[in-house]
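Using the working numbering, you'd call the opening residue of the sequence shown number 881 and step up by one each time.
Glycine is no exception: its CB is placed at the ideal position from the N, C-alpha and C atoms.
Computed from a prediction, not measured in an experiment: that's the story for all the values here.
Everything on this sheet refers to the single structure shown next.
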Amino acid sequence: MAKIDEKMAALQFTTVTRRAPAEVSQLVHDAVAMSRGLRITLSQAEEDRIGGVAKNFARVVLGEFSVAMTPDPSGGTSVSFEISDYSRFRSTMFLIPVGPVEAPAYKPFKDVSEHVRAGL
């Protein structure tokens, strides 16, 4: 289980950019639109925070992430991509575990993380 946890932790980042929060928000929306796999729904209750929820076809929540944007003293915007929760599964055969622990939300979260990081 540690391997998938390490992979998910590697997707998280905090960086400073010269982009305005509105541009970062648009970048996140574009990243979600191009991600593959699960359906990701975005919500923006606050101006400086975007929440994302990954669901499968049966509307079961398989992962959650957030993107926080705060003003930086250097005049830019500090952007944090954090994965707050995700489901882990392990294939079994006759109740015997076979294969590694997997997270269905890994690929979509990887797509979003890489797209946002590259755009900043």
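Exposed or buried, what is residue i when buried is set at 16 or more other beta-carbons lying within 10 Å of its beta-carbon?
i, result
"MET973", "exposed"
"SER954", "exposed"
"VAL904", "buried"
"SER915", "buried"
"ALA911", "buried"
If we ignore side chains and look at the alpha-carbon of each, how far apart do residue i and residue j end up?
i, j, result
"PHE893", "VAL959", "8 Å"
"ALA882", "VAL981", "9 Å"
"HIS995", "GLN924", "19 Å"
"VAL941", "VAL933", "7 Å"
"THR950", "SER993", "18 Å"
"MET888", "TYR986", "7 Å"
"ALA983", "LEU907", "24 Å"
"ALA913", "ILE976", "38 Å"
Sorted by chain position, which residues of the same chain lie with C-beta nearer than 6 Å to residue i's C-beta, five sequence neighbours on each side aside?
i, result
"ASP965", "GLU944"
"THR921", "VAL933"
"ALA948", "ARG929 and SER960"
"ARG919", "LYS935"
With DSSP as the reference, identify every bridge partner of residue i, one or two as the case may be.
i, result
"ARG849", "Any property of residue 849 remains undetermined from this structure, which presents the chain solely from 881 to 1000."
"ASP965", "GLU944"
Any beta-carbon of chain B closer than 8 Å to the one on residue i?
i, result
"VAL996", "The chain inventory of the structure shown lacks chain B, comprising one protein chain alone."
For residue i, which residues from the same chain have a beta carbon less than 7 Å from its beta carbon, with the 5 sequence-adjacent residues on both sides left out?
i, result
"LYS990", "LEU891"
"VAL978", "SER971 and THR972"
Ignore the nearest five residues each way along the sequence and tell me which others in residue i's own chain have a CB closer than 8 Å to its CB.
i, result
"ALA938", "none"
Within the segment 883–961, ranges of the beta strand (DSSP E) (whole runs, at least 3 residues): For the segment 883–961, whole beta strand (DSSP E) runs of length 3 or above, ordered along the chain, are 893–897, 919–926, 929–935 and 941–951.
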